[in-house]
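Colleague: Going from the sequence shown to my numbering is simple: count from 1 and add 554.
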Amino acid sequence: MNWLEMKDSEVMAIAEPIMDNLMQASTDIDYERHVRDFSDNMKRIVTEENFEQQCRSYQKVLGYFAERELMGVVRKATDARIYWKQWYTISGNEYLAFLHLMVQDDKIKVVNVSVS
555 MNWLEMKDSE
565 VMAIAEPIMD
575 NLMQASTDID
585 YERHVRDFSD
595 NMKRIVTEEN
605 FEQQCRSYQK
615 VLGYFAEREL
625 MGVVRKATDA
635 RIYWKQWYTI
645 SGNEYLAFLH
655 LMVQDDKIKV
665 VNVSVS
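#1: I'd like the span of the alpha helix (DSSP H) that includes I568, first residue to last.
#2: May I have the straight-line CA-CA distance separating A631 from Y637, to the nearest angstrom?
#3: Assuming L616 is part of the alpha helix (DSSP H), what are its boundary residues?
#4: Short check: CB of I662 to CB of I568, under 8 Å?
#5: Could you spell out where the beta strand (DSSP E) holding K630 opens and where it closes?
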């Protein structure tokens, strides 16, 4: 079955562990673990030096990733985008967490991810 035809709960069973890993690896500043599900293009964009700098910067100001609340899954013909409300341990603000997944080389890969 095409993974994009699955129910939201089934797509989330794929997406949640990926996002959990991204956030924990970011908290731990573990580059290798952070990029394990990245597409080749994302691996070229996110360098180890840049990753470490970004982690230290947001952790100092916002704290660590805290809870997140699913807002929705948006499917297109070839990919899925998942959106959450995201909170940090220091900042009282709400943020938008975004994960963009696509099949590449027969595996589901992260082609974009951000928290803003």
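For every residue, glycine included, the Cβ atom is placed at its ideal position computed from N, Cα and C.
Modeller: Reading off the structure:
#1: 562-582
#2: 18 Å
#3: 602-616
#4: yes
#5: Where K630 is concerned, there is no enclosing beta strand (DSSP E), given that its DSSP letter is neither H nor E.
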